[in-house]
Amino acid sequence: MSKNFGAETILENIKLEVQTNDRIALVGRNGAGKSTLLKIIAGQISYDGGTISKPKHVQIGYLAQNTGLESSKTVWNEMLDVFTGLRAMEQDLRALEERLGDPAIYENKEQYEQTMKEYDQLQHAFKEQGGYQYEADIRSVLHGLRFFEADYEKLIASLSGGQKTRLALAKLLLARHDILILDEPTNHLDIATLSWLESYLQNYKGALLIVSHDRYFLDKVVNQVYEISRTQIDRYVGNYSRYLIQKQAKLEQQWKEFDKQQDKIAKLEDFVARNIVRASTTKRAQSRRKQLEKLDRLDRPQGSEKTAHFGFQFDRASGKDVLFVEELAIGYAVDKRVSEKLTFDMKRHESIALVGPNGIGKSTFLKTLIGDIPALSGDFRFGTNVQIGYYDQEQAKLDSNKSILHELWDDYPELNEQAIRTTLGNFLFSDDDVLKVVNTLSGGEKARVALAKLTLIGANLLILDEPTNHLDIESKEVLEASLIDFEGTILFVSHDRYFINRIASKIVEMHPEHAQVYLGDYDYYQDKIAEQKEHARLDALQKQQENPEDKQLATNKQAYHLDKEQQKVMRQKKRKLDEIEERMEETDLKISEIEQELLQPAIYQDHEAAYARTEELDMLKQLSEDLMQRWTNLSEELEE
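In the UniProt record's numbering, the protein residues as written are 1 to 640.
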């Protein structure tokens, strides 16, 4: 399949296959054509060459970026519209029940049997299609996307843009299409909602085709990655992290083969040059020349496309103590507090991530620190020699009629034009790009301008509000590398859990009436939350016991009398566990071997060979998942 916009080729020779229950991520730079491809597959726009084939019965559901649900109905009634067919069947069932409840029908045996048959068939179909649980499904999906019973009767027209976007996603999930196409579904979702969506999509009975810059989300949900680069597409098996490993390995293999062929060509050309004029060796030289002419020359491997590169520098370090927050209350008015009694401190070199649900006041807190919003009560103060650099997620202050060049130069007139152009070049603004007007830029371009300004401030404390918004994955990785190398202190808000994991040394979870500190990255924070929930569950169970002392006595007695039969069963389970672990290692080794084979040109250029290995790989991965599930179940049984 190919697609052009005017004379510019956007997509060329695109090959993509979606099978039942596939979980596919589409990745690539901003502007690579990902959204364009999704729109073509969804039938939203046309294409210029090639074919797209789909069985007639296959239904495709498509959610574009930031699509808000527009409706005059209430939240609940709009969700009910998804099940119009089921509700009609329900009405038909009620009508049949009324007929069967009429005594007159028993006088005509044939009519009674026909009605009963019709009722049984309809009831079976109704049950199979989820007729007895669709209202429960609506409640489950709405709850997962943060809509509760109090919201059900609200008019959709009265909701915010973010709420309408979540409702559009809810309606699409409930429709249960055969193929679900999602373009940036994680935008505007808080961490709790993202976790729910991951779990829901992992169990979705249908295929998924997803564009997302959320790498943590992709790692959890997808099992294939298609990368669009320079109008072409490549397929990788596995989640996002495995795709990165395979891509690097593939590039290294291509370089080895290219270098090997270049050596061969050089030797052949040298032999021809030295021997073509000699009468005794001219025939051999001509033979080598024919070899050269017939040689299928490999193209020079193309690495990653041009990426931004930058760093954050400062001249003077801050003191050891960077920030103290004491009993702070924040909000836009005394009667509209969003959080209060916030207390924590920050030391030099720490990197703190602020987390919490949408609306808890994370961005408000940062704006309070930089003085945009006054504190309502309590106090905060910075340590000695603290120089602040602030990044605004909305780039609200980047809306001028200036060129990009003068947007920076006016802030730093002491620098010459070449220095400003060099800084902008690091952020992929070169030549005439620097003359673009700021208020005409895309979100991603504004984000790069804001980061360019931030590198010139010389701050030793970076306060960042959603710094990865609008950035493609490659730019996020460059930002991460720059922040990891940064010698100062970082306080940031982000919904990007992959980013939090790489950058944060401490998590501060904001609540309406306190701040909870966790000394670790995002995964550590999640582990501690799970641990707290488990403790709470066990405490609740203990309180339900009428006589805890008797229960403890019984437990001790039961442990003491653990008989030989139970120990025998445990030994059997341990042996089984060892066997499963051996099989898991063998399976993982085989998976790795096949993935390496798929990187070899002789294999991935041979469609049939690649297909056979992919089929085998899919079977092995399913086996690996089954073994892991059996290992988990057996381990839990042993622990109990």
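All residues carry an ideal CB built from backbone N, CA and C; glycine is no exception.
Closer than 9 Å to chain D by CB, residue i
{"i": "Asn275", "result": "Here there is only one protein chain, and chain D is not present."}
Residue i to residue j span [Cα, whole Å]
{"i": "Asp578", "j": "His535", "result": "30 Å"}
{"i": "Ala64", "j": "Leu182", "result": "7 Å"}
{"i": "Ser241", "j": "Asp496", "result": "15 Å"}
{"i": "Ser35", "j": "Gly61", "result": "15 Å"}
{"i": "Lys402", "j": "Arg448", "result": "16 Å"}
{"i": "Glu8", "j": "Lys506", "result": "47 Å"}
{"i": "Gln246", "j": "Gln262", "result": "24 Å"}
{"i": "Met116", "j": "Asp137", "result": "29 Å"}
{"i": "Phe344", "j": "Thr422", "result": "39 Å"}
{"i": "Ala609", "j": "Leu86", "result": "45 Å"}
{"i": "Lys476", "j": "Met570", "result": "48 Å"}
{"i": "Ala249", "j": "Ile233", "result": "17 Å"}
{"i": "Glu198", "j": "Lys220", "result": "7 Å"}
{"i": "Glu474", "j": "Tyr152", "result": "40 Å"}
{"i": "Phe258", "j": "Leu298", "result": "6 Å"}
{"i": "Asn416", "j": "Glu394", "result": "29 Å"}
{"i": "Glu350", "j": "Leu617", "result": "43 Å"}
{"i": "Asn77", "j": "Ser158", "result": "15 Å"}
{"i": "Tyr106", "j": "Ala88", "result": "26 Å"}
{"i": "Lys267", "j": "Val493", "result": "58 Å"}
{"i": "Glu640", "j": "Lys205", "result": "32 Å"}
{"i": "Leu96", "j": "Arg139", "result": "28 Å"}
{"i": "Leu194", "j": "Asn633", "result": "26 Å"}
Beta-bridge pairing of residue i - partner residues as DSSP gives them
{"i": "Glu326", "result": "Asp379"}
{"i": "Asn469", "result": "DSSP lists no partner for Asn469."}
{"i": "Met347", "result": "One detail in the question is off: residue 347 reads as Lys in this sequence, not Met. Beta-bridge pairing links Lys347 to Asp321."}
{"i": "Val27", "result": "Glu227"}
{"i": "Arg235", "result": "Tyr226"}
{"i": "His514", "result": "His511"}
{"i": "Ile352", "result": "Leu491, Lys506"}
{"i": "Asn4", "result": "Thr9"}
{"i": "Thr74", "result": "Leu155"}
{"i": "Val437", "result": "Ser403"}
{"i": "Gly33", "result": "Bridge partners of Gly33: none, in fact."}
Status (buried if at least 16 other CB within 10 Å, exposed otherwise) for residue i
{"i": "Lys446", "result": "buried"}
{"i": "Tyr560", "result": "Low per-residue confidence applies at Tyr560: pLDDT is 49, beneath 50, and the placement is therefore not dependable enough to give any value."}
{"i": "His309", "result": "exposed"}
{"i": "Ala540", "result": "exposed"}
{"i": "Gln605", "result": "exposed"}
{"i": "Ala353", "result": "buried"}
{"i": "Gln224", "result": "buried"}
{"i": "Ala452", "result": "buried"}
{"i": "Glu269", "result": "exposed"}
{"i": "Arg278", "result": "exposed"}
{"i": "Pro467", "result": "buried"}
{"i": "Asn21", "result": "exposed"}
{"i": "Ser430", "result": "exposed"}
{"i": "His470", "result": "buried"}
{"i": "Pro103", "result": "exposed"}
{"i": "Ser377", "result": "exposed"}
{"i": "residue 641", "result": "Past the boundaries of the shown model lies residue 641; the chain is included only from 1 to 640, so the question cannot be answered."}
{"i": "Ile359", "result": "For the record, residue 359 in the displayed sequence is Gly; it is not Ile. Label assigned to Gly359: exposed."}
{"i": "Asn460", "result": "buried"}
{"i": "Ala515", "result": "buried"}
{"i": "Phe312", "result": "buried"}
{"i": "Met619", "result": "exposed"}
{"i": "Gln163", "result": "buried"}
{"i": "Glu184", "result": "buried"}
{"i": "Leu155", "result": "exposed"}
{"i": "Tyr611", "result": "exposed"}
{"i": "Val508", "result": "buried"}
Assumed close pair residue i, residue j - CB separation to whole angstroms, cut-off 8 Å
{"i": "Tyr498", "j": "Tyr216", "result": "4 Å"}
{"i": "Thr165", "j": "Thr74", "result": "In fact, because the Cβ distance is near 18 Å, the residues do not count as touching under 8 Å."}
{"i": "Ala207", "j": "Ile228", "result": "Going by Cβ atoms, the distance from Ala207 to Ile228 rounds to 19 Å, so no, they are not a contact pair."}
{"i": "Asp392", "j": "Asp465", "result": "6 Å"}
{"i": "residue 726", "j": "Ile420", "result": "The question about residue 726 has no answer, for the chain in this structure spans 1 to 640."}
{"i": "Asp190", "j": "Pro357", "result": "5 Å"}
{"i": "Val386", "j": "Ser482", "result": "The Cβ separation is near 20 Å, so there is no contact."}
{"i": "Leu408", "j": "Leu456", "result": "7 Å"}
{"i": "Ser339", "j": "Gly361", "result": "4 Å"}
Check: residue i C-beta below 8 Å from any heavy atom of the ligand ZN
{"i": "Val322", "result": "No copy of the ligand ZN appears in this structure; indeed no ligand is present at all."}
Which residue spans inside the region 177–226 form an unbroken alpha helix (DSSP H) run of at least 4? 191–202, 215–221
Report the residue ranges of all alpha helix (DSSP H) runs contained in full by the region 97–171; include only those spanning at least 4 residues, in chain order. 109–128, 134–144
Complete alpha helix (DSSP H) runs within the region 448–499 (minimum length 4 residues, chain order): 473–485
What are the start and end residues of each continuous alpha helix (DSSP H) run of 4 or more residues lying completely inside the region 359–432, in chain order? 362–369, 404–409, 417–426
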